[in-house]
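In the working numbering, the protein residues as written are 37 to 263. Glycine is no exception: its CB is placed at the ideal position from the N, C-alpha and C atoms. Bear in mind the structure is a predicted one, so any value in this text is a computation, not a measurement.
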Ligand code: SAH
């Protein structure tokens, strides 16, 4: 491919047109009808162009409420799922957040837009490399880690909030340990077909309260305290 053609394709992908913005606005309205009420989450999702995170051939579908294949056989989460998990996190500016499963970094950038201090961990190097560059391109700073997030990330613990964006078979003990008292952990737990979203609040050094919510379908969390 010639350099000129490559840069033309790149420019087209990175453009946020009137049509893209209109489609994004309609998606946000759809998320509201599905029960997303946190205005800060909705406005972050209205601002960030989701089509930058998916393969160019899916560009016209970027603002449908659907998950899409990204590299390494993984997926970018459905917008409703991103909004749902982010809303449950009850983010406050300056929260120290651990995200397990960076993937496309779309969820990471929504969190950064909400003003968090982000640590994000991904086990696939192809995705890790891209995500790292993508976060910088958006002008944000985050600590990107290549590794097994089922063990958390001890070096920066404890966290105010932890979000897991892959389906776990059980609750990884390390994640509870690395949460601050009063901190929130949002994690899908189930089999390899469906998982239920769990919202966990750490109530003391040794206790936590857990609420089981809606069904979702995530790619598996693969690691030591996972599949
Ligand atoms: N939030 C991401 C979701 C990506 S899918 C997005 O919207 O793009 C889940 C991601 O979790 C995949 O990229 C997968 O490689 C990663 N993953 C699975 N198990 C993991 C583990 N133990 N540690 C870190 N990442 C993991």
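Exercise. Out of curiosity, what's the CA-to-CA distance linking residue 237 and residue 214?
Worked result: 12 Å
Problem set entry | Spatially closest choice to residue 249 from 193, 260 and 234, by CA coordinates | 234
Exercise. Under the DSSP definition of a beta bridge, which residues are partnered with residue 204?
Worked result: 225
Problem set entry | Best match in 139, 100, 175 and 165 for proximity to residue 109 [C-alpha to C-alpha] | 139
Exercise. Just curious, the beta strand (DSSP E) that residue 248 is in, first and last residue?
Worked result: 244-252
Problem set entry | Beta-carbon contacts of residue 222 that lie in its chain and below 8 Å, excluding the five residues immediately before and after | 121, 124, 125, 197, 198, 199, 200, 233, 234, 235 and 236
Problem set entry | Endpoints, beta strand (DSSP E) assigned at residue 234 | 231-238
Problem set entry | Boundaries of the alpha helix (DSSP H) in which residue 116 is found, first to last residue | 115-125
For this session: Go through its chain and collect everything with a Cβ distance to residue 56's Cβ below 7 Å, but skip five positions before and after it.
Result: 85 and 87
Problem set entry | residue 163 Cβ short of 7 Å to the ligand SAH heavy atom set | yes
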